[in-house]
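A.B. asks:
As structure tokens, then:
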């Protein structure tokens with residue numbers, strides 16, 4: 048007799064948000080929000096300004112009272128319409144977009160203020176100082192610090208209270224490009240080194256993909272899609288989600304016998320009705336180019352308008368024509384060592400994993 052050994056992995060939930068709706072006067076900021084977050088995970092809430100991201104953080108932290116729905120932390124009810132624990136009673140720490148450091152306190156005083164007890168071990172504080180790299184300006188005041196330094200202090204103060212859940216509201220929005228990459232990388236390693244989970248609000252898809260175990264995509268107060276970065280990128284639920292991750296090539300078409308016509312050739316359209324109007328999205332990464340000698344022999348070809356070198360990759364601007372002679376401007380993202388000259392011809396192949404078809408009905 049053979050026995051199979053089964054390893055069970057129990058995923059514990061740090062946060063459970065159920066049926067959450069919230070209005071400011073007549074404006075519906077959040078509409079029936081539902082999601083769960085596992086322990087020791089990083090979640091990004093991705094969406095444009097005004098979609099409800101910050102309102103959601105404020106409700107989770109206890110800075111706003113719930114109007115409808117409920118919030119549980121570690122399976123314990125912390126807020127619903129009739130019951131509300133204070134922010135201080137929740138194992139949550141909030142890093143505001145403007146950092147909200149105390150201007151009359153030095154860096155070390157800001158950090159110490161967040162500790163739950165004056166008896167907090169010096170060893171723990173030193174660990175925080177080391178992890179957040181604030182040791183060179185502990186005795187300075189916030190006004191004398193750069194944006195990146197203030198960000199590090201805000202992170203140090205937030206973890207000094209030993210929270211189980213970190214809430215970060217657009218924490219990198221005011222940093223310059225080179226500093227932003229460094230701070231984002233440090234934040235990722237910091238959160239992963241702690242026994243904490245984190246929710247990071249951002250409108251930057253690249254940040255969300257780099258930092259997150261899962262991404263919650265929001266728009267107009269609603270959750271549109273939840274998934275891993277891979278799922279969101281390769282299986283977007285609609286045009287809005289697909290467009291969050293950089294430039295896209297878009298074509299309108301009508302399904303005919305299981306295919307859609309585009310200037311780049313016929314594309315298979317499964318699970319669509321004959322005659323159904325659709326929008327076809329092709330990411331620039333999905334257009335594979337090869338230099339094409341004249342006269343053009345390929346059925347799918349384009350004329351190069353311009354080639355732009357951007358480090359490891361290049362963006363190739365192309366013109367393609369449909370069967371009626373109408374011209375379309377498209378972009379291809381290729382290796383940085385492929386830079387065809389303007390007015391040259393290239394053949395185009397399509398990688399289907401970068402192609403998405405959505406109904407227009």
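In the numbering used here, the protein residues as written are 48 to 408. The C-beta atom is built at its ideal place from N, Cα and C for all residues, glycine as well.
Between the Cα of residue 231 and those of 199, 183, 304, spot the shortest distance and give me the residue it belongs to.
C.D. replies: 199
A.B. asks: In this structure, what does DSSP give as the bridge partners for residue 303?
C.D. replies: Beta-bridge annotation (DSSP): residue 303 is paired with 306.
A.B. asks: Which of the three DSSP states is assigned to residue 147 in this structure?
C.D. replies: coil
A.B. asks: Pick out whichever of 297, 351, 227 has its Cα sitting closest to the Cα of residue 328.
C.D. replies: Per the Cα distances, 297.
A.B. asks: Can at least three beta-carbon pairs, one atom from the region 313-331 and one from the region 387-407, be found at a separation below 8 Å?
C.D. replies: yes
A.B. asks: From residue 254 to residue 237, what does the alpha carbon distance come to, in whole angstroms?
C.D. replies: Rounded to whole angstroms, residue 254 to residue 237 spans 15 Å at the Cα level.
A.B. asks: Cutting at 6 Å between CB atoms, please list the residues of its own chain near residue 256, excluding the five before and the five after it.
C.D. replies: 276
A.B. asks: For residue 131, I'd like the list of residues in its chain whose CB is within less than 6 Å of its CB, leaving aside the five on either flank, ordered along the chain.
C.D. replies: The beta carbon of residue 131 sits closer than 6 Å to those of 112, all from its chain and outside the five residues before and after it, given in chain order.
A.B. asks: On the DSSP bridge list, what partners appear for residue 348?
C.D. replies: In the DSSP output, where bridge partners are listed per residue, residue 348 has 394.
A.B. asks: Which residues mark the beginning and the end of the beta strand (DSSP E) in which residue 215 is found?
C.D. replies: 212-216
A.B. asks: Run through DSSP, which three-state label would residue 161 get?
C.D. replies: coil
A.B. asks: Residues in its own chain within less than 7 Å of residue 65 by CB, not counting five upstream and five downstream?
C.D. replies: 81, 116, 117
A.B. asks: Could you tell me which uninterrupted beta strand (DSSP E) segments, each at least 3 residues in length, are contained entirely in the region 233-295, listed from first to last along the chain?
C.D. replies: 244-249, 261-266, 269-274
A.B. asks: Give me the DSSP bridge partner(s) of residue 84.
C.D. replies: 62
A.B. asks: Taking only the alpha-carbon atoms, compute the straight-line gap between residue 382 and residue 336 and give it to the nearest angstrom.
C.D. replies: 10 Å
A.B. asks: Consult DSSP for residue 141 and reduce its assignment to one of helix, strand or coil.
C.D. replies: Residue state, collapsed to three classes: strand.
A.B. asks: For residue 342, which three-state DSSP category applies?
C.D. replies: At residue 342 the pLDDT is 47, less than 50, meaning the model places this residue with poor confidence and gives no usable figure here.
A.B. asks: What residues in its chain sit with their C-beta under 6 Å from that of residue 221, if we drop five residues either side in the sequence?
C.D. replies: Only 194 meet the Cβ criterion.
A.B. asks: Put residue 221 into one of helix, strand or coil per three-state DSSP.
C.D. replies: coil
A.B. asks: Per DSSP, what are the beta-bridge partners of residue 334 in this structure?
C.D. replies: 397
A.B. asks: Is it buried or exposed, residue 378, if we count other Cβ atoms within 10 angstroms and call 16 or more buried?
C.D. replies: It is buried - the Cβ of residue 378 has at least 16 other Cβ atoms within 10 Å.
A.B. asks: Does the region 196-212 touch the region 144-154, meaning 3 or more C-beta pairs lie closer than 8 Å?
C.D. replies: yes
A.B. asks: Could you check where the alpha helix (DSSP H) with residue 100 kicks off and where it finishes?
C.D. replies: Run containing residue 100: 100-108, per the alpha helix (DSSP H) assignment.
A.B. asks: For residue 405 and residue 283, I'd like the C-alpha separation in whole angstroms.
C.D. replies: 10 Å
A.B. asks: Among 178, 227, 136, which residue has its Cα nearest to the Cα of residue 211?
C.D. replies: 136
A.B. asks: If distances are taken between C-alpha atoms only, which option among 394, 386, 376, 150 comes closest to residue 412?
C.D. replies: In the structure as shown, the chain begins at 48 and stops at 408. Residue 412 is therefore absent and cannot be evaluated.
A.B. asks: Identify the continuous beta strand (DSSP E) that holds residue 361 and give its terminal residues.
C.D. replies: 360-368
A.B. asks: Could you check the C-alpha separation between residue 179 and residue 243 for me, to the nearest Å?
C.D. replies: Distance from the CA of residue 179 to the CA of residue 243, rounded to the nearest whole angstrom, comes to 15 Å.
A.B. asks: Within its chain, find whatever has a CB closer than 8 Å to the CB of residue 53; leave out the 5 residues flanking it on each side and keep chain order.
C.D. replies: Its pLDDT being 45, under 50, residue 53 is placed unreliably by the model, and nothing is read from it.
A.B. asks: For residue 118, write down the residues that DSSP places opposite it in a beta bridge.
C.D. replies: Looking at the DSSP assignment, residue 118 forms a beta bridge with 64, 126.
A.B. asks: Which of the three DSSP states, helix, strand or coil, is assigned to residue 228?
C.D. replies: Residue 228 carries a helical assignment under DSSP once its states are collapsed to helix, strand and coil.
A.B. asks: Can you pull the DSSP bridge partners for residue 70?
C.D. replies: 75
A.B. asks: Kindly give me the distance between the Cβ atoms of residue 260 and residue 88, rounded to whole angstroms, as I take these residues to be in contact under 8 Å.
C.D. replies: Contact flag correct, Cβ pair sits at about 4 Å.
A.B. asks: Applying the 10 Å Cβ sphere with the 16-neighbour rule, what's the burial state of residue 67?
C.D. replies: buried
A.B. asks: Got a sec? Which residues, its chain only, sit under 7 Å from residue 344 by beta carbon, not counting five neighbours each side?
C.D. replies: With a pLDDT of 48 at residue 344, under the threshold of 50, the modelled position of this residue cannot be trusted, and the question is left open.
A.B. asks: Cα-Cα, which of 186, 391, 247 is closest to residue 156?
C.D. replies: 186
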